[in-house]
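Colleague: Here the sequence shown stands for residues 84 to 484, where the numbers follow my numbering.
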Amino acid sequence: MSEIVDSKIRKILDSRGNETVEVEVYTKYGFGVSAAPSGASKGTTEVADYPDGGIEQSIKLFRNEISKKIIGIESSDQEGFDRFLEDIDGTENFSAIGGNLAVSLSLANAFATADELGIPLFRYLGGLNVRMTTPLGNVVGGGKHAVNGTTIQEFLVASHADNVYDAIRTNSLVHKRIKERASKELDIPIGMGDEKAWVLPFDDEKVISLVKDVAEEVSEKTGLMIENGMDLAASNFYEKGHYVYRNKKLTPEEQVDFVEGIVKDRGYTVIEDPFDENDFDSFAELTKRVGDRAIIIGDDIYTTNYQRLQEGIEKRASNAILLKPNQVGTLSRLLRTWRLAKDHGMSVVVSHRSGETTDYFISHLAVAIGADYLKTGTVGGERLAKLNELVRIQEGMGGHE
Ligand code: 2PG
Ligand code: MG
């Protein structure tokens, strides 16, 4: 048994330089620490980051109330711990204590329990049934993650290799090569967006071709299969019934045709948020047309939320889901949504946020639940904290899974 004996909170900065909370949880022989990330393009059904009064109010509540009540709770009962967080908050969306505080506590508690047991987190969460994941990384970025970039938020690649290090390295080679190719055409230096993907002053069509081309070139050189993907984050450019790109404006029907073409003609196999978060019908139409050759992932449409996913399943909106712990505030809620997705045969992607810390909980989570992909960038310290952890996890798996 492992009762919580102490806990701490502090403010730290995330990769955008914004303040966030980091929490420590102690059991008799265990220690866990976790910090909350933050999104820039958020779904409207995500839990609240902070209560009225912001981060200071969360910290005050923690110091005056939660840190005292937490002592004596059995940390190995993760569901009980997460229920405690829900009860003390008393709202559906953590608007009383803040989702950032809730998620840091929930994940730090899991880390502490694994440490108490003396086993890696992925083993504690996944037991013997674990599986290495495929890294899915952003190489060109736009939308809300960059100024003057593409309308599409993320151009993604996923290299497939037996050894996860080779996959990580190959994704980063694509990232490197894109810079070389784009620099040749431009007489200005290029920079990076929030997730360390390149920001290019090209229209979306041009980048769709460029990234595909570079992926093919790197694939030939390395011998690894590289998938192309994108996160359109389309809620961000859905305005008054139209999808508004920097160079064109599409109706929902035209957007379905456009994305269908990206899959069928350009060979993209990973498509996230191609429509507005409430446009379940267009999601369903696209999934019907190309669901046999691409995964259509719901992020903003579901926000890791059980009810939203249930609605998506009823409407056959997608064949894949993105999972982010801070969208729902607790590990137990995320796992409940994951089980529903698995029960319906959906593909699963665990994901970072655009504002990140060096916390690597999601790497362990992705392996523990056997997620098909871990979306967490290709370079940059806060992204590499997660990617490099996958390399260590694979060593810890002993090559058996
Ligand atoms: C997304 C994420 C992560 P953000 O849309 O999938 O890439 O972005 O954290 O800004 O919501
Ligand atoms: Mg997304």
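Beta carbons are placed, not taken as given, at the ideal position from N, Cα and C, and that holds for glycine.
If you're wondering where the values come from, they're calculated on a predicted model, not measured in any experiment.
1. Going by alpha carbons, who is nearest to leucine 204 out of Pro120, Asn246, Glu478, Leu448?
2. With distance defined between alpha-carbon atoms, name the residue in Arg391, Ile291, Leu315 nearest to serine 124.
3. Judging by CA-CA distance, which residue of Ala193, Tyr389, Leu406, Asn388 is the nearest neighbour of serine 117?
4. Run the proximity test for glutamate 66: is its beta-carbon closer than 8 Å to any non-hydrogen atom belonging to the ligand 2PG?
5. Quick one: is glutamine 390 buried, meaning 16 or more other Cβ sit within 10 Å of its Cβ, or exposed?
6. Figure out for me which residue from Glu86, Asp340, Asp296 has the closest Cα to the Cα of arginine 260.
7. If you draw a straight line from the C-alpha of glutamine 140 to the C-alpha of glycine 163, how long is it?
8. For lysine 332, does the three-state DSSP call read helix, strand or coil?
9. How would you write the range of the alpha helix (DSSP H) that alanine 191 sits in, first residue to last?
10. Leaving out five residues before and five after alanine 451 in sequence, what residues of the same chain have Cβ atoms less than 7 Å from its Cβ?
11. Is the beta carbon of serine 121 closer than 9 Å to that of threonine 110?
12. To the nearest angstrom, how far is it from the Cα of arginine 146 to the Cα of threonine 441?
13. Which of the three DSSP states, helix, strand or coil, is assigned to alanine 265?
14. Going by the beta-carbon positions, is the gap between methionine 480 and methionine 215 smaller than 9 Å?
15. Roughly how many angstroms lie between the CA atoms of leucine 188 and glutamate 107, to the nearest whole one?
16. Say yes only if the C-beta of leucine 405 is nearer than 8 Å to one or more non-hydrogen atoms of the ligand 2PG, and no if none qualify.
17. With respect to 8 Å, is the separation between the Cβ of glutamate 148 and the closest non-hydrogen atom of the ligand MG below this value?
18. Note down the Cα distance separating isoleucine 171 from glutamine 393, rounded to an integer number of angstroms.
19. At a cut of 8 Å, does the stretch 426–438 reach the stretch 147–159 through at least three beta carbon pairs?
20. By Cβ distance below 7 Å, which residues in the same chain neighbour alanine 454 in space, the five residues on each side in sequence not counted?
21. Let me check you understand the geometry: is the CB of glutamate 237 closer than 8 Å to at least one non-hydrogen atom of the ligand MG?
22. Would the C-beta of glutamate 355 count as close to the ligand MG, meaning under 8 Å from any of its heavy atoms?
23. Identify, in the order they occur along the chain, each residue of the same chain with its Cβ nearer than 8 Å to the Cβ of serine 292, setting aside the five sequence neighbours on each side.
24. So who's on the other strand from aspartate 89, going by DSSP bridges?
25. Quick one: residues in its chain with C-beta nearer than 8 Å to the C-beta of phenylalanine 444, no 5 flanking neighbours on either side, listed in chain order?
26. Is there contact here, the stretch 456–469 with the stretch 274–290, by at least three beta-carbon pairs under 8 Å?
27. Is the Cβ-Cβ distance between phenylalanine 285 and alanine 317 less than 9 Å?
28. Using 8 Å for Cβ pairs, my map puts isoleucine 273 next to lysine 289. What's the rounded Cβ distance?
29. Using beta-carbon positions only, say whether serine 90 and isoleucine 153 come within less than 9 Å of one another.
30. Going by beta-carbon coordinates alone, are threonine 459 and glycine 182 separated by less than 9 Å?
31. Please name the residue in Asp364, Val353, Glu397 whose C-alpha comes closest to that of isoleucine 380.
32. Opposite threonine 103 in the DSSP bridges: which residues?
33. Threshold first: 3 residues or longer. Then list the beta strand (DSSP E) segments lying entirely within the stretch 268–344, N to C.
34. Counting only the same chain and skipping the five closest in sequence on each side, list residues whose C-beta sits under 8 Å from that of valine 474.
35. Could you give the DSSP three-state label for isoleucine 445: helix, strand or coil?
36. Unbroken beta strand (DSSP E) runs of length 3 or more, entirely within the stretch 347–395: which are they?
Modeller: Let me spell this out:
1. Ranking Pro120, Asn246, Glu478, Leu448 by CA distance to the CA of leucine 204 puts Leu448 first.
2. For serine 124, the nearest C-alpha among the options comes from Leu315.
3. Ranking Ala193, Tyr389, Leu406, Asn388 by Cα distance to serine 117 puts Ala193 first.
4. The question about residue 66 has no answer here: the residues shown for the chain are numbered 84 through 484.
5. With fewer than 16 other Cβ atoms within 10 Å, it is exposed.
6. Measuring from the Cα of arginine 260, the nearest candidate turns out to be Asp296.
7. Rounded to whole angstroms, glutamine 140 to glycine 163 spans 24 Å at the Cα level.
8. Collapsing the DSSP output to three states places lysine 332 in a strand.
9. Residues 182–200.
10. If we look at alanine 451 and ignore the five residues flanking it on each side, its Cβ neighbours are Phe205, Leu208, Gly209, Val213.
11. For threonine 110 and serine 121, no; Cβs fall outside 9 Å.
12. Distance between the alpha carbons of arginine 146 and threonine 441 is about 24 Å.
13. The answer is helix: DSSP assigns alanine 265 an H, G or I state.
14. Yes, these two residues count as a Cβ contact at 9 Å.
15. Computed Cα separation, rounded: 8 Å.
16. Result yes, Cβ under 8 Å from the ligand 2PG.
17. Every heavy atom of the ligand MG is 8 Å or more from the Cβ of glutamate 148, so no.
18. In this structure, the CA atom of isoleucine 171 is about 27 Å from the CA atom of glutamine 393.
19. These segments do not touch.
20. If we look at alanine 454 and ignore the five residues flanking it on each side, its Cβ neighbours are Thr216, Val431, Val432, Val433.
21. Flag set: Cβ of glutamate 237 near the ligand MG.
22. Judged by the Cβ position, glutamate 355 qualifies as a neighbour of the ligand MG at the 8 Å threshold, a heavy atom of the ligand being closer than this.
23. Arg349, listed in sequence order.
24. For aspartate 89, which the question treats as bridged, DSSP gives the partners Tyr109.
25. Counting only Cβ-Cβ distances below 8 Å, and skipping sequence neighbours, we find Ser117, Leu190, Ala193, Phe194, Leu204, Pro408.
26. Flag = yes, the stretch 456–469 and the stretch 274–290 touch.
27. Contact check for phenylalanine 285 against alanine 317 fails: the beta carbons are separated by 9 Å or more.
28. So it is not a contact: roughly 14 Å between Cβ atoms.
29. Yes, the Cβ-Cβ distance between serine 90 and isoleucine 153 is below 9 Å.
30. No.
31. A check of alpha carbon separations from isoleucine 380 across Asp364, Val353, Glu397 identifies Val353 as the nearest.
32. According to DSSP, which records beta bridges pairwise, threonine 103 is partnered with Ile95.
33. Correct list: 308–314, 325–327.
34. For valine 474, where only same-chain residues beyond five positions count, the Cβ hits under 8 Å are Val247, Tyr248, Ile251.
35. In the structure shown, the three-state DSSP call for isoleucine 445 is helix.
36. Complete beta strand (DSSP E) runs here, min 3: 353–355, 378–381.
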